[in-house]
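**Student:** Structure provided below as C-alpha cells; questions to follow.
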Amino acid sequence: MNIFGICLGTGACGLLLKPYLAFGILIALSIVVGIAFNFGVLRLLMKVAFNFSTKPSSGLEGCVGKTVEAVSSFDQQGRGLVKALVDQEIVQLLAVLPEAERESQPTIRKGDQLVVLEVSAEKGTCVVTNQLN
C-alpha cells in the first residue's frame, strides 16, 4: 500500500507540474509530494476507513464460563431455557445440567443465575451449572 501511495502521488504531481517545471526540479518535487501524499493523505483515509470495521463475533462459544439467566424452571431431567448475551444480542438456548447435578435433583427456577460449562453451537444447546455461584 505504501508503494502504491507513493507512486500515485509522484505520478500525479509529475503529470500536473510537467509543463511548469524543469526536469530535475520536477523529479525531486514529485518524490517529495508522493511521500507526503502517502503518509499525509492516504494513511489518514485508510485510518478513517478502518474505523468502520467491527469486532469479530465470538459466537455461542464465547458464552463458556459466563453467567446466564434461567428463562424457565428446569424439568426433572435437568433441562430448561436460559438467555445469554452474545455480541450485544440476547439469545435463548436449551440448557442441560451435568449428570452429577441431575442426580442430586437441584431446583432451578426462572431467574436463577447459572454458569455455562460448554456449548454446542450446532444444536443450540449448552451445559450449565449452578455450583459455581
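In terms of our numbering, the sequence shown opens at residue 1331 and continues consecutively.
Each residue gets a CB set at the ideal place from its N, CA and C atoms; glycine is no exception.
Look up Gly1441 in the DSSP assignment and say whether it is helix, strand or coil.
**Tutor:** If DSSP states are grouped into helix, strand and coil, Gly1441 belongs with coil.
**Student:** Measure the Cβ-Cβ separation of Gly1410 and Arg1432 and say whether it is below 8 Å.
**Tutor:** Their beta carbons are not under 8 Å apart, which means Gly1410 does not touch Arg1432 by this criterion.
**Student:** Can you tell me where the beta strand (DSSP E) holding Val1291 begins and where it ends?
**Tutor:** Because the chain spans 1331 through 1463 in this model, residue 1291 falls outside it and cannot be assessed.
**Student:** How would you call Gly1335, buried or exposed, if buried means at least 16 neighbouring beta carbons within 10 angstroms?
**Tutor:** Counting Cβ neighbours within 10 Å, Gly1335 comes out buried, since at least 16 surround it.
**Student:** Can we say the stretch 1357 to 1375 touches the stretch 1389 to 1398, given the rule of at least three CB pairs closer than 8 Å?
**Tutor:** With a cut-off of 8 Å, the stretch 1389 to 1398 and the stretch 1357 to 1375 do not count as touching, because too few Cβ pairs lie within range.
**Student:** Alpha carbon to alpha carbon, what distance is there between Thr1397 and Ala1425?
**Tutor:** Roughly 12 Å between the two C-alpha positions.
**Student:** Is it buried or exposed for Cys1456, if we count other Cβ within 10 angstroms and need 16 for buried?
**Tutor:** By the 10 Å Cβ count, Cys1456 comes out buried.
**Student:** Helix, strand or coil for Leu1359? Go by DSSP, reduced to three states.
**Tutor:** Reduced to three states, the DSSP call for Leu1359 is helix.
**Student:** Pick out whichever of Gly1354, Lys1348, Met1331 and Val1394 has its Cα sitting closest to the Cα of Leu1423.
**Tutor:** Measuring from the Cα of Leu1423, the nearest candidate turns out to be Val1394.
**Student:** What is the DSSP secondary structure of Ala1430, reduced to helix, strand or coil?
**Tutor:** Ala1430 falls in the helix class under three-state DSSP.
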